[in-house]
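Asker: My questions will all concern the structure given below.
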Amino acid sequence: MQPTATVLVYSDDAGTREQVRLAAGRRPAADVPPVEYVECATLPAVLKTLDERHIDVCVLDGETAPAGGMGVCRQLKDEVFRCPPVLLLIGRPQDAWLATWSRAEAVVTHPVDPVAFADALAGLLRAEPAVQEARG
Numbered sequence: 001m002q003p004t005a006t007v008l009v010y011s012d013d014a015g016t017r018e019q020v021r022l023a024a025g026r027r028p029a030a031d032v033p034p035v036e037y038v039e040c041a042t043l044p045a046v047l048k049t050l051d052e053r054h055i056d057v058c059v060l061d062g063e064t065a066p067a068g069g070m071g072v073c074r075q076l077k078d079e080v081f082r083c084p085p086v087l088l089l090i091g092r093p094q095d096a097w098l099a100t101w102s103r104a105e106a107v108v109t110h111p112v113d114p115v116a117f118a119d120a121l122a123g124l125l126r127a128e129p130a131v132q133e134a135r136g
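Residues 1 to 136 (full-length UniProt numbering) make up the sequence shown, in order.
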């Protein structure tokens, strides 16, 4: 059985979480493992999931309220030991500088472009050591 990569998707909008799942599908690229999605709608759920499960990549929605993805990303990078890489969804391309402040490894704008999103997610999965080890 081939290992799977676990991707946490944080957004208060169920439609955005669905867009993320549909954009990358079960396998964002041929050279990365299949993806299992874990959805979170609140910051406490994100923190609990990261504490209890192995997560390979986090996808955070910068437009989520009250805890936006950029602030959540910065908090995770400061507080979570071996924080997984983060793909941040931003509302406007002009917000890319804020994504840099948050320390996100990749950024994609809303609405989710399936090609750009799958490429960014696959790039983070390729760079993730646990995924590389699982591929052997």
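Beta carbons: idealized from backbone N, C-alpha and C, even for Gly.
Considering Cα atoms alone, identify which of CYS83, PRO93, PRO114, ARG92 is closest to ARG21.
Answerer: Checking every option, the nearest Cα to that of ARG21 belongs to PRO114.
Asker: Closest to VAL112 by CA distance: which of THR6, VAL9, LEU8, GLN19 is it?
Answerer: GLN19
Asker: Put CYS58 into one of helix, strand or coil per three-state DSSP.
Answerer: Three-state result, CYS58: strand.
Asker: Does DSSP put THR16 in a helix, in a strand, or in coil?
Answerer: helix
Asker: Determine the direct distance from the alpha carbon of ASP12 to that of ALA65, and round the result to whole angstroms.
Answerer: Going by the C-alpha atoms only, they are around 7 Å apart.
Asker: Anyone know if the C-beta pair for LEU87 and LEU47 falls short of 8 Å?
Answerer: no
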